[in-house]
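Worksheet: one structure, shown below.
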Amino acid sequence: MITFVPHLPHKTELYQLFQTTGWDGIIQLSESKIYEAVSTSWFTVSAYHHQDLVGFGRVLSDGVFQSFICDLIVHPGYQKQGIGSSVLKALLLQCKNHHIVSVQLCCAQGKAEFYKKFGFMQRSSVAPGMYWLNRDLG
4 MITFVPHLPH KTELYQLFQT TGWDGIIQLS ESKIYEAVST SWFTVSAYHH
54 QDLVGFGRVL SDGVFQSFIC DLIVHPGYQK QGIGSSVLKA LLLQCKNHHI
104 VSVQLCCAQG KAEFYKKFGF MQRSSVAPGM YWLNRDLG
């Protein structure tokens, strides 16, 4: 049975979950830095199978108008079981309950259809999203 709780997991188990997804090869941050980043989130949801962290999601928000889903992670051994859907529903419900107008996200290649099932729409090519990377860090 999977249990969903609205709090941050321990930093070691969160770091271990990040490592299962390959994100640590893309975002090379220490366990402490990842935890520091997620601890400033507006809302988080952790998914546990018994005592093991198997899923995690978080939202950054101004609490009024804008929000951004930064992470939605499910351990590869637990994917395709509805955990990601449940975490996303909890994140969106929190945004709805606070009357947040706009929820945005960036998704991995091939994952757009998953988010479309929840009402997300791709941005128009007239107003595409952009990003900047600080290449001085490393």
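Mapping of the sequence shown onto our numbering: residues 4 to 141, in sequence order. Note that the Cβ used here is the ideal one computed from N, Cα and C, for glycine as well.
Handout entry: Through-space distance from T47 to P131, alpha-carbon basis
Key = 27 Å
Exercise for the section: With DSSP collapsed to three states, give me the class of T24. Expected result: T24 carries a helical assignment under DSSP once its states are collapsed to helix, strand and coil.
Problem - 8 Å contact criterion, which I76 and T24 should meet: CB distance rounded - result: Contact between I76 and T24 holds: their C-beta atoms lie close to 6 Å from each other, under 8 Å.
Exercise for the section: Would you check if there are 3 or more beta carbon pairs closer than 8 Å linking the stretch 12–22 to the stretch 92–99? Expected result: no
Handout entry: Supposed close pair S70, F7 - CB separation, criterion 8 Å
Key = Not confirmed; about 19 Å, so no contact.
Handout entry: Closest by C-alpha distance to I5, when choosing among A40, G85 and P79
Key = For I5, the closest of A40, G85 and P79 by C-alpha to C-alpha distance is G85.
Handout entry: Same chain, Cβ closer than 6 Å to Q31, five either side skipped, listed in chain order
Key = Within the same chain, Q31 has no close Cβ partners at all.
Handout entry: Own chain, CB closer than 7 Å to H144, minus 5 neighbours either side, in chain order
Key = Only positions 4 to 141 of the chain appear in this structure, which leaves residue 144 out of reach.
Practice task
Check the DSSP bridge columns for L108 and list the partner residues they point to.
Solution key: I72
Practice task
Quick one: give me the first and last residue of the alpha helix (DSSP H) that Y118 is part of.
Solution key: A115 to K119
Handout entry: Reference H78; option with closest CA among K120, F123, L11 and Q19
Key = Q19
Problem - P9 to Q125 span [Cα, whole Å] - result: 28 Å
Exercise for the section: Look at the alpha carbon of F59 and the alpha carbon of S42, and state the distance between them as a whole number of angstroms. Expected result: Computed Cα separation, rounded: 13 Å.
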